[in-house]
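Everything below concerns the one structure shown next.
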Amino acid sequence: MSRGWGSYYFERFPPSRPRAAKGGIKAQSKRGSFGESWWAKRWIGVLESFQLGARLGRGRSYARSGQVLNITIEKGVVTAQVQGSRPTPYKVTIKLKALQKAEWQNLATVLAQQAIFTAKLLAGEMPQDIETAFREAGLALFPAKQQDLETDCSCPDWSNPCKHIAAVYYLLGEEFDRDPFVLFKLRGMAREEFIPLLVHGERQDKKDGKKGKAATRPVPVKAPTLPPEPLTTDVAAFWGRGPVSEDMWGAVRTPTTPAAVVKRLGNFPFWRGEEKFLSAIEPLYVNASARGEEVMLGSLNSETTVRAGKEGGTR
């Protein structure tokens, strides 16, 4: 049974101490606000703007202590299990109204009219003004009022949201930091489905803009021709290995940005460790890069020393 916001039973159940949970999802935020990106903060801000009292604080505590055991995100619905004060974990459901495919197609057409929207979305970012595009398409990305969210929890506390629902809500905000397209999925459209719509809309927009313009034939560009390198008359040098160039290895240096590829991939979804994943992995990359540089420079120095010794012995 779905819960009504502002229920008569809002303060019926006093705070209780939850059972310790093993292997639960722990929030990356240890204190203060949740979420780092503007879209995650916007999601959290929507919940907190409803002024729902102390249960939000207890929900934050649940999210940080790992009481949420698992979260599954499907189109338009989130399900989770939260360990409360009873032996059996509570089942939480959060539903958001899914948009129809025609509405998504209309939105993609609106977004394609501005290249910055397409570029940022393809790069995995949420454009700052995307809510304006949603409004232009007659839609909403975030819930505008309490009734836009349909939530349910199997706990006996009939307030909406209870602390278990609030805990899942906060963790969703952090998941949006990792993947903003989770927001789209809650509205009924997965990333792999929306990107083709967006790209098609961009191509159609460009096609419409070029109507009536005469096509121009590209000018062929010839590759430069280089003179052939003269062959050596020294048979041994021709078939032998030959000297190694001093600059063969290029510049040996550590990366300016440690763990750059891992950072592009982002954090693991719903991380369960005590420490942030990137915070834990970055020092390993720094140490590995430094060690690799030492080994490489040591090898080069050794080769230079051996080569110099051989040349010195032949004089």
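Numbered per the working numbering, the sequence shown spans residues 279 to 593.
Note that CB positions come from ideal geometry on N, CA and C, so glycine has one too.
Sorted by chain position, which residues of the same chain lie with C-beta nearer than 7 Å to residue i's C-beta, five sequence neighbours on each side aside?
i: V324; result: F420 and P421
i: I408; result: F395 and L419
i: E560; result: P536 and A537
i: V384; result: Here the sequence assigns Asn to residue 384, which means Val is not the residue at that position. Excluding sequence neighbours, N384 sits near A415.
Residue i to residue j, Cα distance in whole Å?
i: G310; j: L334; result: 13 Å
i: L464; j: G344; result: 23 Å
i: K304; j: V346; result: 8 Å
i: R531; j: E571; result: 6 Å
i: G284; j: S437; result: At G284 the pLDDT is 49, less than 50, meaning the model places this residue with poor confidence and gives no usable figure here.
i: R295; j: R338; result: 14 Å
i: A538; j: E471; result: 28 Å
i: F516; j: P508; result: 11 Å
i: V540; j: S557; result: 11 Å
i: P533; j: A568; result: 9 Å
i: R469; j: T503; result: 46 Å
i: N348; j: V573; result: 44 Å
i: A299; j: G466; result: 31 Å
i: L400; j: C433; result: 40 Å
i: G518; j: N565; result: 38 Å
i: Y368; j: G302; result: 13 Å
i: Y287; j: Q392; result: Confidence in Y287 is poor, its pLDDT being 43 and thus under 50, which makes the residue's placement too unreliable to answer from.
i: V513; j: P505; result: 22 Å
i: W321; j: E352; result: 18 Å
i: K308; j: H478; result: 42 Å
In chain order, what residues of the same chain lie with their CB nearer than 6 Å to the CB of residue i, ignoring the 5 residues before and after it?
i: I443; result: V370, T429 and C431
i: K398; result: P405
i: E414; result: V388
i: A318; result: G451, F454 and D455
i: S595; result: Residue 595 is absent from the structure shown; the chain starts at 279 and stops at 593.
i: T350; result: T357
i: P372; result: Correcting the residue identity first, residue 372 is Ile in this sequence and not Pro. Contacts found: V356 and T429.
Confirm, please, whether the CB-CB distance from residue j to residue i is below 8 Å.
i: Y340; j: A445; result: yes
i: E452; j: F312; result: yes
i: A411; j: L389; result: yes
i: L374; j: D426; result: yes
i: G402; j: P458; result: yes
i: F328; j: Q424; result: yes
i: K441; j: R336; result: yes
i: L417; j: E381; result: yes
i: V332; j: L476; result: Reading off the sequence, residue 332 comes out as Ala, not Val. Going by C-beta atoms, A332 is not nearer than 8 Å to L476.
Excluding five sequence neighbours on each side, which residues of the same chain lie with their C-beta closer than 8 Å to the C-beta of residue i?
i: R297; result: Q361, G362, S363, R364 and P365
i: T600; result: Residue 600 falls outside the range modelled here, since the chain spans only 279 to 593, and no answer is possible.
i: T583; result: For T583, the predicted model reports a pLDDT of 49, less than 50, meaning its position is unreliable and no value from the coordinates is stated.
i: E326; result: L334
i: G587; result: For G587, the predicted model reports a pLDDT of 47, less than 50, meaning its position is unreliable and no value from the coordinates is stated.
What I want to know is whether the C-beta of residue i ends up closer than 7 Å to one or more non-hydrogen atoms of the ligand FMN.
i: R364; result: Absence of the ligand FMN from the depicted structure is noted, as is the absence of any ligand whatsoever, leaving it without description.
**Study point:** Runs of alpha helix (DSSP H) lying entirely within the region 382-463, each at least 4 residues, in chain order
**Key:** 393-400, 408-414 and 441-456
Point to revise | Touching by the beta-carbon criterion (3+ pairs, under 8 Å), the region 342-361 and the region 446-459 | key: yes
**Study point:** Those runs of the beta strand (DSSP E) which lie wholly inside the region 303-382 and span at least 3 residues
**Key:** 346-352, 355-360 and 368-374
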